[in-house]
Each structure stands twice: as structure tokens, then as C-alpha cells.
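A short write-up of the structure that comes next.
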Amino acid sequence: MAIKSDRWINDMSERHGMIEPFEPQQIRAKESGEKIISYGTSSYGYDIRCSNEFKIFTNINSAIVDPKNFNDEGFVEFTGDECIIPPNSFALARTVEYFRIPRDVLAICLGKSTYARCGIIVNVTPFEPEWEGYVTLEFSNTTTLPAKIYAGEGVAQVLFLGADEVCETSYRDRGGKYQKQTGVTLPKM
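In C-alpha cells, the structure reads:
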């Protein structure tokens, strides 16, 4: 496998709709000059943005987080430009960008250092070949203080790895349960 460059990312996004909406350059400030956490194409990846839809986990209903029997009483839904994650808690969100991963590519998502240096960890599973949808993001606040996430700004970087050969069975072929997800998607069994 080889990591894909900015030229490949631009070509795949502009010609094949791999990332929509797509920003061919790295954006570091708004037109007003306001500083933002960067997003868009980088040298060997793409910095994704967080939408303004959040599910913030809380223990007000004494729910247990169980991936086999998920109880949605353990979170509150929030829409806004800034999300405050309680200390030692986490929130789910989705990307602004919709992805269509080619059959010969595996994408891996890593958190941005700006958030990591504040004790906020971003966790995302790999985007498998022929997976498609909005990405559900998990933000873990590892600190004892409330932490802020900004909607519409960069939160993580996606790296695209090109395979030496095309996979025999893709995520779409398997009928993956998270295919074409549209919002903040909770665990499915």
C-alpha cells in the first residue's frame, strides 16, 4: 500500500465525488480573517470538518453504554456552532463531508494535534473500500475540565492508502451496516 498525495485526492474528489463538499486547498482563516482550525486538502491527506449535530453522553438517566444493547437515553442531542463536552465524557458528531471510498483504497482517520494537545481525542474507524456516507466521529474529553469542539472547522485528518491490488470483497459487497449513513449514527448490531 502507498499513501495518496494531494494531487490524487484532488483528482478523485473533483472527477469522482470522493469527498463532497470538497476543498482543494487547506483553509486556515475565514474571509473575515477570523482564525479557524484548518480543514481541506493537505500534502498527503484531507482535514475533515465537524458538522453542528452532536450527541453528548451524560449519565443523568443512569444508562449503561453497551454496544450490543445500546440505550439512547445515555445522551442528549445538541445542534450548535460549539459543543461543550463534559469532563471525562464524550460526544458523537458527524462530518460535513460525505465520502465515497474507491474499491482499491483504505482510508484511516487520525485526530488533529490542535485538539489532542487539549486532551480531546478523536476516534474513527477506518473507511473501508467502497464504504460511503457521512463519518460518525467520537470526541473523548480526557480532561477534568469541560472541552469545546467547533462545528464547521477541522477536527481530524484522513489518510488514503492505495492498495497494490483490488480487494475481493468490499464493504458495499458485504452489505455493511453503516453504508450510506446520513447523520450521527449510533452502534448497530
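By the count of my numbering, the sequence shown reaches residue 176 at its end, each step adding exactly one.
From the three backbone atoms N, C-alpha and C, an ideal C-beta is built for every residue, glycine too.
Small disclaimer: the values here were computed from a predicted structure and weren't measured.
Who pairs with V92 in a beta bridge, going by DSSP?
Answer by DSSP bridge pairing, in chain order: G149.
Just the Cα atoms here: how many angstroms apart are I43 and T82?
Rounded to the nearest whole angstrom, the CA to CA distance from I43 to T82 is 16 Å.
What's the call for A134, buried or exposed, on a 16-neighbour Cβ count within 10 Å?
A134 counts as buried, since no fewer than 16 other beta carbons sit within 10 angstroms of its beta carbon.
Residue ranges of each beta strand (DSSP E) run of no fewer than 3 residues wholly in the stretch 125 to 176, ordered along the chain?
Entirely contained in the stretch 125 to 176, the beta strand (DSSP E) runs reaching 3 residues are, in chain order, 134 to 137 and 141 to 149.
For the beta strand (DSSP E) holding T101, just list the boundary residues, first then last.
Element bounds for T101: not the beta strand (DSSP E) but the alpha helix (DSSP H), S100 to A103.
Here's the rule I'm using: 16 or more other beta-carbon atoms within 10 Å means buried, otherwise exposed. How should K(-9) be labelled?
It counts as buried.
Which class does D68 belong to by DSSP, given the choice of helix, strand or coil?
Coil, per DSSP.
Starting from the C-beta of C154, find all residues in its chain whose C-beta is less than 7 Å away, skip the five residues before and the five after it, and write them out in chain order.
Setting aside the 5 residues that flank it on each side, C154 is surrounded in the same chain by R90 and P116, each with a C-beta closer than 7 Å to its C-beta; the list follows chain order.
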